[in-house]
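Numbering (our numbering), first residue to last: 2 to 157.
The structure appears right after this line, and notes come after that.
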Amino acid sequence: MKSRKTVKKDGFTLPELLITTVILAVVLVGMLNLFLNASVLGNYSTNKTLVMIEVQNKLEEIRSHSFTAISADYASGGTPGDTFDLTLLPGKGKVYIDSTKPDLLEIEVVVSYQNQNGRIIGEDADLDGVLDAGEDTDSNGKLSSEATLVTMVAHR
């Protein structure tokens with residue numbers, strides 16, 4: 002009697018390989034998209050941090066100024082004036098001062114800037130520090146941005 006050798010069928014079939022390849026491709030495309038979005042959000046976060054540092058520095062500069070001279074010096078035409086250029090990113094800042102209370106000033110610093118993708122963050126579309134026609138999207142009569150800090154300065 003002849004003995005028959007049994008052939009083991011190890012390995013994958015072609016349909017199994019194709020299905021595995023399709024699943025792997027979908028997963029890799031999803032991971033690439035996730036990586037790209039995380040990179041964009043990381044850049045956005047870095048830019049916002051840099052801008053907020055500049056806003057905080059401007060507020061500290063104003064706080065260290067003589068209280069009686071703040072309203073005049075940080076108004077339009079004053080020295081240093083109500084606008085300033087950013088040093089770390091392309092952009093412009095605007096200082097608003099509410100001096101309705103004689104011993105308490107409300108100071109708002111608003112910054113509009115351009116990120117690496119060319120997108121303008123804030124209402125100042127031309128980055129000139131001036132509210133032009135069509136820029137006031139929230140109709141509040143002044144420039145607005147997510148990069149804004151407001152503080153109160155009291156007369157000492």
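Ideal Cβ positions, reconstructed from N, Cα and C, are used throughout, including at glycine.
Are the CB atoms of Thr88 and Glu55 within a distance shorter than 8 Å?
Along the sequence shown, read from residue 1 onward, the residue named residue 55 stands at position 54. Along the sequence shown, read from residue 1 onward, the residue named residue 88 stands at position 87. A Cβ-Cβ contact shorter than 8 Å links Glu55 with Thr88.
query: Does the beta-carbon of Phe36 have 16 or more other beta-carbons within 10 angstroms, so that it is buried, or is it exposed?
result: Position 35 of the sequence shown, counted from the start, is the residue given in the question as residue 36. When all chains shown are included, Phe36 counts as exposed.
Taking the C-alpha atoms as reference points, what is the distance between Val28 and Thr21?
Within the sequence shown, the letter at position 27 stands for residue 28. Within the sequence shown, the letter at position 20 stands for residue 21. When rounded, the distance between both Cα atoms is 11 Å.
In chain order, what residues of the same chain lie with their CB nearer than 8 Å to the CB of Leu105, ignoring the 5 residues before and after it? To locate residue 105, count along the sequence shown from 1; it is residue 104. Hits under 8 Å: Met153, Val154, Ala155 and His156.
From Ala73, Asn38 and Arg5, pick the residue whose C-alpha is nearest to that of Ile108; which is it?
-> What you label residue 108 is simply residue 107 of the sequence shown in a count that begins at 1. For Ile108, the nearest C-alpha among the options comes from Ala73.
From what residue to what residue does the alpha helix (DSSP H) around Thr84 run? Numbered from 1 along the sequence shown, position 83 holds the residue referred to as residue 84. For Thr84, there is no enclosing alpha helix (DSSP H); the enclosing beta strand (DSSP E) covers residues Thr84 to Asp86.
- [ ] Could you pull out every unbroken beta strand (DSSP E) segment of at least 3 residues lying fully inside the stretch 88 to 113, listed in chain order?
- [x] Every beta strand (DSSP E) of 3 residues or more that sits fully in the stretch 88 to 113 is shown, in chain order, as 92 to 102.
- prompt: Can you name the residues that DSSP bridges to Val151?
  reply: Taking the sequence shown and counting its residues from 1, the one referred to as residue 151 is at position 150. Paired residues: Glu109.
DSSP three-state assignment for Gln117, whether helix, strand or coil
Within the sequence shown, the letter at position 116 stands for residue 117. Gln117: coil per DSSP, three-state reduction.
- Message: Going by DSSP, what residue range makes up the alpha helix (DSSP H) through Ala70?
- Response: Counting from one through the sequence shown, the residue named residue 70 turns up at place 69. Segment Phe68 to Asp74, the alpha helix (DSSP H) holding Ala70.
When Tyr45, Val110, Pro103 and Asp127 are compared against Gly82, the one with the closest alpha-carbon
The sequence position of residue 82 within the sequence shown is 81, counting from 1. Closest option to Gly82, Cα to Cα, is Val110.
Could you spell out the range, first to last residue, of the alpha helix (DSSP H) harbouring Asn141? Residue 141 sits at position 140 when you count from the first residue of the sequence shown. For Asn141, there is no enclosing alpha helix (DSSP H), since its DSSP letter is neither H nor E.
Here's the rule: buried if 16 or more other CB atoms are within 10 angstroms of the residue's CB, otherwise exposed. What is Val52? As a working note, residue 52 is residue 51 in the sequence shown. The residue is buried, with at least 16 neighbouring Cβ atoms inside 10 Å.
By Cβ distance, which residues of its chain are closer than 7 Å to Lys49, with the 5 residues on each side in sequence left out? The count along the sequence shown starts at 1 and reaches residue 49 at position 48. When the five nearest sequence neighbours on each side are left out, the beta carbons in the same chain lying within less than 7 Å of the beta carbon of Lys49 are those of Ala148, in order along the chain.
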